[in-house]
Every structure is written in C-alpha cells, then in structure tokens.
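A.B. asks:
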Amino acid sequence: MHERPGDSPAPGRLPAGAPSDRPRVERVVALASEVRPSLPLGPAAADALRAAMARQDVWLGGCFAAVPEGAQVWTAPRTDPAAVPLGEVSWSEAPSGGLVITSVSVTPAGLALGEGTLTVLARVLALTGVPVDGTRVGLPVPTEDPPA
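Here it is in structure tokens:
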C-alpha cells in the first residue's frame with residue numbers, strides 16, 4: 001500500500017515520516033516463563049491493576065506501560081533517557097471482566113539488572129496488593145456464586 005501526499009493514514013497509523021510522541025518498543029526477550037496454571041485475577045483486582053497502571057504510566061512519571069494484552073515494567077519513566085524495559089507480564093481478558101496471567105518475560109537489560117520472571121510478576125501484582133512469596137501467590141479466596 002502506497003500513501004500519496006494528502007492521503008489520511010489508516011486509523012492508528014501515523015503518516016510516513018511523522019514523529020511519534022510515544023515511540024514503539026521492540027520486544028526483545030532474554031528469559032520467559034509460562035504461568036502454569038494460569039493465574040486468574042478477578043474483576044476487582046483487574047480493575048485495580050488497570051487503574052494503578054494508568055496512575056503509574058511511564059509517560060506520567062511511573063515505571064509501567066500498558067501494552068496490548070499485558071504490562072511492561074521499566075527501570076524509570078520514559079522522560080529519563082536511560083530508561084529501559086525490564087520485562088513484561090502477558091494476560092488475556094476473562095469473560096468475567098477479570099484477567100488471566102499467562103506468561104512473564106524478561107528483557108536482556110532486565111536480566112543484566114538482576115530481574116527474573118518472578119520479580120517482574122511481583123512488581124506488576126504489587127500494583128493490586130496481591131503478594132508474591134517465593135513460588136506462592138496470595139490471591140484471595142474466590143466468593144461463591146449466589147444461589148439462584
């Protein structure tokens with residue numbers, strides 16, 4: 001597809017040569033783990049995670065970036081020229097409105113700085129108040145469905 005001067009770019013695309021105020025980050029993985037069994041977060045925890053990530057966005061002085069189906073963890077806000085991504089937690093949307101965490105990855109920079117899949121996961125879950133202790137994740141006991 002070739003664009004001509006004056007053509008409008010497709011939604012979500014910038015015209016050729018246009019600067020982006022939010023440059024893309026190439027995902028380079030040095031270490032990855034699948035979360036088995038997958039880790040479900042209920043709707044309340046998922047909403048808390050989304051809200052905390054919005055407040056602590058890398059473009060607003062925080063160290064987290066929402067990416068499609070997940071969250072990136074950064075060393076510092078993007079205004080810091082030395083900021084690099086440490087890793088990423090990937091999830092899918094649950095029909096209940098919650099999230100299901102499926103994998104965690106660490107970038108080469110994250111690995112060099114001592115990060116592992118558990119520490120990246122713990123940083124993201126800390127946004128919701130869910131503790132990670134070694135190989136255990138302290139999720140609240142789900143409530144039962146009300147009787148019909």
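In terms of full-length UniProt numbering, the sequence shown has 37 at position 37, counting the first letter as 1, and numbering is strictly consecutive.
All C-beta atoms in this analysis are idealised placements derived from N, C-alpha and C, irrespective of residue type, glycine included.
1) When you compare only the Cα positions, how much space is there between Gly61 and Ala71?
2) Between which two residues does the alpha helix (DSSP H) carrying Arg55 extend?
3) For Leu121, I'd like the list of residues in its chain whose CB is within less than 7 Å of its CB, leaving aside the five on either flank, ordered along the chain.
4) Between which two residues does the beta strand (DSSP E) holding Thr102 run?
5) Would DSSP call Ala122 helix, strand or coil?
6) Express the C-alpha separation of Leu111 and Leu86 in angstroms, rounding to a whole number.
7) Is the distance from the Cβ of Val58 to the Cβ of Pro43 below 7 Å?
8) Exposed or buried, which one is residue 159 when buried takes at least 16 other CB atoms within 10 Å?
9) Using DSSP with H/G/I as helix, E/B as strand and the rest coil, what is Ala82?
10) Is the beta carbon of residue 182 sitting closer than 7 Å to the one on Ser38?
11) Closer than 7 Å, CB to CB, is Val73 near chain B or not?
12) Between which two residues does the beta strand (DSSP E) containing Val73 stretch?
13) Does the distance from the C-beta atom of Leu125 to that of Ala52 stay below 7 Å?
14) Skipping 5 residues on each side, what residues in its chain have a beta carbon closer than 6 Å to that of Ala65?
C.D. replies: Straight from the coordinates:
1) In the sequence shown, residue 61 corresponds to position 61, counting from 1. In the sequence shown, residue 71 corresponds to position 71, counting from 1. Computed Cα separation, rounded: 16 Å.
2) The sequence position of residue 55 within the sequence shown is 55, counting from 1. Element bounds for Arg55: 43 to 55.
3) Stepping through the sequence shown from its first residue, residue 121 is reached at position 121. For Leu121, where only same-chain residues beyond five positions count, the Cβ hits under 7 Å are Val89, Val104, Val132.
4) Position 102 of the sequence shown, counting from 1, holds the residue named residue 102. That run of the beta strand (DSSP E) goes 99 to 106.
5) Taking the first residue of the sequence shown as position 1, residue 122 is located at position 122. Reduced to three states, the DSSP call for Ala122 is helix.
6) Indexing the sequence shown from 1 puts residue 86 at position 86. Indexing the sequence shown from 1 puts residue 111 at position 111. Looking at the two C-alpha atoms, the distance is approximately 8 Å.
7) Mapped onto the sequence shown, residue 58 falls at position 58. Mapped onto the sequence shown, residue 43 falls at position 43. Result no, Cβ atoms of Val58 and Pro43 do not sit closer than 7 Å.
8) What the structure shows of the chain is the stretch from 1 to 148, and residue 159 is not part of that stretch, so it cannot be assessed.
9) The count along the sequence shown starts at 1 and reaches residue 82 at position 82. If DSSP states are grouped into helix, strand and coil, Ala82 belongs with coil.
10) Coverage of the chain is limited to positions 1 through 148, which leaves residue 182 absent and any answer about it impossible.
11) This model lacks chain B altogether, as it is built from one protein chain only.
12) Taking the first residue of the sequence shown as position 1, residue 73 is located at position 73. Residues 70 to 74.
13) Start at 1 with the first residue of the sequence shown, and residue 125 comes out as number 125. Start at 1 with the first residue of the sequence shown, and residue 52 comes out as number 52. Going by C-beta atoms, Leu125 is not nearer than 7 Å to Ala52.
14) Working through the sequence shown from its first residue, we reach residue 65 at position 65. Excluding sequence neighbours, Ala65 sits near Val58, Gln72.
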